[in-house]
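Using my numbering, the letters of the sequence shown correspond one by one to residues 152 to 363. Just so it is clear, CB atoms sit at the ideal spot from N, CA and C, and this is done for glycine as well. Report on one structure; see the data block that follows.
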Amino acid sequence: MKAVITTSGYFLQKHSYDTLFHPAIKQINISLNAFNKNDTRVSFEQYMRAILELCYEKLRRKEESFINLRIWNLDEAMSEREFNLQLFNKLSLAFDIELTTPKNKKAIRLDYKILLHFDNYFEWPSLNNPIYGHGTCQGLSSHIAILASGEVVPCCLDGEGVMGLGSLYQYSLKEILHLDRANQMREGFREGQCSEELCLRCSYKDRFNISL
152 MKAVITTSGY FLQKHSYDTL FHPAIKQINI SLNAFNKNDT RVSFEQYMRA ILELCYEKLR
212 RKEESFINLR IWNLDEAMSE REFNLQLFNK LSLAFDIELT TPKNKKAIRL DYKILLHFDN
272 YFEWPSLNNP IYGHGTCQGL SSHIAILASG EVVPCCLDGE GVMGLGSLYQ YSLKEILHLD
332 RANQMREGFR EGQCSEELCL RCSYKDRFNI SL
């Protein structure tokens with residue numbers, strides 16, 4: 152089974168390259184704008200160094216897996232213009248490529264199977280958000296998330312563990328994915344129904360564009 156890992160760049164140095172380039176991993180998605188949206192003692196240079204070293208190691212090893220660097224902070228006003236320019240300058244030097252604000256492009260190739268991916272902002276789901284209604288989602292079908300605590304949640308947007316399904320310190324992943332709460336969520340999504348309040352207050356599910 153091939154897996155895709157989506158993460159920030161904060162903890163890359165805690166894992167060996169042999170783990171990150173395991174044959175089961177097809178792609179690693181790394182959020183670049185996560186740095187600009189979180190309080191951290193890590194400097195921009197430290198944050199980017201670990202990400203770039205991973206990219207260089209992939210090229211050195213001639214690994215066939217993809218690395219997808221994400222900048223998902225674009226909007227009509229380019230409200231993150233200064234931060235993005237800092238990123239573009241850093242990546243331009245790192246990959247010897249001239250980068251500018253993308254126009255009608257979703258991705259730019261930086262090197263062999265290393266892509267810079269662009270997208271617009273999305274609203275982070277919260278119990279304080281308005282209710283957007285029912286719908287479907289790929290949570291628990293194509294993806295899950297595992298928090299630093301070991302708690303398994305349906306997707307990476309549940310960073311607070313509101314929809315915690317179980318801890319990997321207590322259960323196996325197979326057991327967690329077949330507990331009642333997970334089953335109810337999965338069955339609900341098949342019918343276009345959200346069994347969890349956080350899902351009702353999440354607008355990201357509209358991006359899946361699945362007609363019910």
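Taking buried to mean at least 16 other C-beta atoms within 10 Å of its own C-beta, is lysine 165 buried or exposed?
It counts as exposed.
Within the stretch 271-325, note down every full beta strand (DSSP E) run reaching 3 residues or more, in order along the chain.
Qualifying beta strand (DSSP E) stretches, in chain order: 302-304.
Between the alpha carbons of glutamate 326 and valine 304, how many angstroms are there, rounded?
Straight-line Cα distance between these residues: approximately 13 Å.
Does the stretch 255-274 come into contact with the stretch 324-338, if we say contact requires no fewer than three beta-carbon pairs (one atom in each stretch) closer than 8 Å?
Judged by Cβ distances under 8 Å, the stretch 255-274 makes no contact with the stretch 324-338, as fewer than three pairs qualify.
I believe isoleucine 181 touches isoleucine 218 by the beta-carbon criterion, under 8 Å. Please report the beta-carbon distance rounded to the nearest angstrom.
Between isoleucine 218 and isoleucine 181 the Cβ distance is about 7 Å, and since that is below 8 Å, they are a contact.
Would a C-beta distance cut-off of 7 Å place asparagine 224 and tyrosine 272 closer than the cut-off?
Cβ distance < 7 Å, so asparagine 224 and tyrosine 272 count as in contact.
Per DSSP, isoleucine 185 forms a beta bridge with which residues?
The question names isoleucine, yet the displayed sequence has alanine at residue 185. The partner list for alanine 185 (beta bridge, DSSP) is empty, contrary to what the question assumes.
Report the residue ranges of all alpha helix (DSSP H) runs contained in full by the stretch 221-252; include only those spanning at least 4 residues, in chain order.
Listed in chain order, they are 232-246.
Assess contact between the stretch 244-255 and the stretch 284-304, defined as three or more Cβ pairs (one per stretch) separated by less than 8 Å. Is contact present?
These segments do not touch.
What three-state label does DSSP hand arginine 192 in the structure shown?
Of the three classes helix, strand and coil, the one that applies to arginine 192 here is coil, per DSSP.
Applying the criterion that 16 or more other CB atoms from any shown protein chain within 10 Å of the CB defines a buried residue, is serine 362 buried or exposed?
The predicted position of serine 362 is uncertain, since its pLDDT is 47 and thus under 50; a value taken from the coordinates is nonetheless stated next. Exposed.
Do you know whose CA, among Ala185, Gln289 and Leu205, lies nearest glutamine 178's CA?
When only C-alpha atoms are compared, the closest one is Leu205.
Output the boundary residues of the beta strand (DSSP E) element that contains leucine 261.
Looking at the DSSP string, the run of the beta strand (DSSP E) that includes leucine 261 is 258-262.
Does the distance from the C-beta atom of glycine 290 to that of cysteine 306 stay below 7 Å?
Taking 7 Å as the Cβ cut-off, glycine 290 and cysteine 306 qualify as a contacting pair.
Between glycine 160 and isoleucine 222, is the Cβ-Cβ spacing less than 7 Å?
The answer is no: Cβ separation not under 7 Å.
Pick helix, strand or coil for glutamine 344, following the three-state DSSP scheme.
Coil at glutamine 344, not helix or strand.
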